[in-house]
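Asks: In this note's numbering, the protein residues as written are 692 to 862.
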């Protein structure tokens, strides 16, 4: 017997117009944007469907936009009688996975990531820094290079051959 898994992406997996077609076609998907807009205090339909991609660069809005779109797709698929046996999310996608698993409600998932995004934006304002994905190097090589540079550290071990480093801007 086959099993179904729903996988939800992390930050950076966005595009202008995301979710528009599915929300216009499936009322249950549109409801997610309405619920999420109220929970986050921002117009997620306007942001996801009509805003230029540059507006989605800001973590304060990107995180709720991504989770809303992920949960809208989840609701659209479920409205067709398909439910997952498993859910998994990467980074902020973990909140979408929690919503899809019905461990938390849609409003709570989107409200939480709005607060998470605001906190991350404030932390970045207080401590300017950057992150960069390093591809194709062994973990040990990246770790060794980071030890040689003050205020730069491995931050995320995403998968074999992909490590994200983080550090202060002046590093």
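Backbone N, C-alpha and C define an ideal beta-carbon position, used for all residues, glycine too.
In this structure, how does DSSP classify residue 718 when only helix, strand and coil are distinguished?
Replies: Helix.
Asks: Specify the secondary structure class of residue 754 as computed by DSSP and reduced to three states.
Replies: Helix at residue 754.
Asks: Mind reading off the beta-carbon distance from residue 738 to residue 705? Whole number of angstroms is fine, and I expect it under 8 Å.
Replies: With a Cβ gap of about 10 Å, residue 738 and residue 705 do not count as contacting.
Asks: Which residue marks the beginning of the beta strand (DSSP E) containing residue 826, and which one marks its end?
Replies: From DSSP, the beta strand (DSSP E) with residue 826 extends over 820 to 826.
Asks: Looking at residue 781 and residue 727, is the spacing between their C-beta atoms short of 8 Å?
Replies: No. Outside cutoff.
Asks: Helix, strand or coil: how does DSSP classify residue 742 here?
Replies: Three-state DSSP puts residue 742 in coil, outside helix and strand.
Asks: Just how far apart, CA to CA, sit residue 912 and residue 745?
Replies: Residue 912 falls outside the range modelled here, since the chain spans only 692 to 862, and no answer is possible.
Asks: Just list the residues that DSSP pairs residue 848 with in beta bridges.
Replies: For residue 848, which the question treats as bridged, DSSP gives the partners 854.
Asks: In terms of DSSP beta bridges, what is residue 833 paired with?
Replies: In DSSP, residue 833 forms no bridge with anything.
Asks: Could you tell me which residues DSSP pairs with residue 710 in its beta bridges?
Replies: The partner list for residue 710 (beta bridge, DSSP) is empty, contrary to what the question assumes.
Asks: Let me know the secondary structure DSSP gives residue 811 once reduced to three states.
Replies: Note: residue 811 maps to helix in three-state DSSP.
Asks: Please return the same chain residues whose Cβ sits closer than 6 Å to the Cβ of residue 812, not counting the five positions on each side in sequence.
Replies: 750, 751, listed in sequence order.
Asks: Under a three-way DSSP split, which group does residue 696 fall into?
Replies: In the structure shown, residue 696 sits in a strand (DSSP, three-state: E or B).
Asks: Return the CA-CA distance between residue 644 and residue 861, expressed in angstroms with no decimal places.
Replies: Residue 644 lies beyond the stretch modelled for the chain, which goes from 692 to 862, so this question has no answer here.
Asks: Using 8 Å as the cut-off, can you tell me whether the stretch 817 to 835 makes contact with the stretch 757 to 773, which would need three or more C-beta pairs spanning the two stretches below that distance?
Replies: Because the criterion of three Cβ pairs below 8 Å is not met, the stretch 817 to 835 and the stretch 757 to 773 do not touch.
Asks: Quick check: residue 791 and residue 778, are their CB atoms within less than 8 Å of each other?
Replies: Closer than 8 Å, so yes.
Asks: From the DSSP secondary-structure annotation, give me the bridge partner or partners of residue 859.
Replies: Paired residues: 820.
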